[in-house]
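Below: one structure, written as structure tokens.
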Amino acid sequence: MTPAPVHLAGERLMLDPEGALFWPAQRLLAVADLHFEKGSAAATSGSLLPPWDTRATLDRMAGLLRRYRPDTVVALGDSFHDAKGATRLLPQDQARLAAMTKAAAFVWVLGNHDPTPPEGIGGTSAEEWRVGPLVFRHQATPGRVLGELCGHHHPKAHIPTRGTVVTRPCFVFDGRRLMLPALGAYTGGLDVRAPAIAGLFPRGGRVFLLGRDRLFSFALPARAAAGALL
């Protein structure tokens with residue numbers, strides 16, 4: 001894996017091709033939109049999705065923890081797909097998550113899917129989390145906010161290549177704000193040209209598309225009048 005460095009509010013951050021962020025100076029790992037137990041939530045409404053999303057997402061988390069060995073992990077909201085998601089964890093998945101929360105200090109930023117702290121899960125819950133010049137939120141605050149990291153929108157981009165179009169999750173960055181892609185196994189995505197995302201980056205910026213072991217960076221034109229982005 002080859003991470004890509006960016007600088008936000010004077011801090012050097014590393015964007016991981018898995019879709020996470022690492023802040024070396026603080027030994028802090030940030031992830032967004034895990035949506036644990038989305039499969040079991042769908043099952044309650046009659047949608048029969050394979051019930052392996054939490055396990056797959058935990059596998060991704062375990063790999064990131066091994067790679068970076070963070071002191072702190074900040075999950076940027078919607079970590080569980082609904083307020084009761086933590087109670088539906090299978091015993092083995094609950095044990096894995098408990099081990100992770102003992103290996104590092106977890107901060108569960110609250111999101112719109114999980115507006116209350118998860119039940120029986122280690123770590124700390126907060127509406128937002130501030131460290132130095134950076135603030136970690138689920139949803140971005142409109143306007144020219146410096147040093148904001150957020151999730152919520154599950155950004156993705158479409159890139160033409162070799163006669164076809166590749167669609168992948170992505171980071172979106174403009175020097176003032178960084179939006180993380182969703183890490184959850186069953187999460188969809190919103191195109192970076194959509195008003196909900198483009199309106200947060202009116203002066204454009206850069207898109208970092210997730211690849212297998214590296215990131216691919218493209219310009220995001222002002223107001224997402226995307227030339228290279230379809």
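Read in order, the letters of the sequence shown are residues 1 to 230 in the UniProt record's numbering.
Note that beta-carbon positions come from the ideal geometry of N, C-alpha and C, so glycine has one too.
Small disclaimer: the values here were computed from a predicted structure and weren't measured.
Distances from the CA of residue 40 to each of 62, 72, 87, 31 were compared; the closest alpha carbon is that of 87. Residue 189 is a Cβ neighbour of residue 182, given a cutoff of 8 Å. Here the segment 164 to 171 does not lie against the segment 129 to 145, with fewer than 3 beta-carbon pairs under 8 Å apart. Here DSSP, grouped into helix, strand and coil, assigns residue 44 to helix. Under the three-state reduction of DSSP output, residue 179 falls in the strand class. Counting every other CB atom within 10 Å of its CB across the protein chains shown gives residue 163 a total below 16, marking it as exposed.
In this structure, the straight-line span from the alpha carbon of residue 105 to that of residue 72 is close to 5 Å. Counting along the chain, residue 20 sits inside no beta strand (DSSP E), nor does DSSP assign it H or E at all.
For residue 91, the enclosing alpha helix (DSSP H) begins and ends at 91 to 103. Assignment of residue 121 by DSSP, reduced to helix, strand and coil, places it in the coil class. By the criterion of at least three beta-carbon pairs nearer than 8 Å, the segment 94 to 103 is not in contact with the segment 2 to 20. By the beta-carbon neighbour count (other beta carbons within 10 angstroms, threshold 16), residue 20 is buried. In terms of Cβ geometry, residue 186 and residue 38 form a close pair [threshold 8 Å]. No residue range can be given for residue 34, since it is assigned to no alpha helix (DSSP H) and is classified by DSSP as neither H nor E. In the three-state reduction of the DSSP assignment, residue 9 falls in the coil class, being assigned neither a helical nor a strand state. Considering only 107, 77, 10, 194, the residue with the shortest C-alpha distance to residue 184 is 77. Minimum Cα-Cα distance from residue 177 among the listed residues 65, 200, 194, 112 corresponds to 200.
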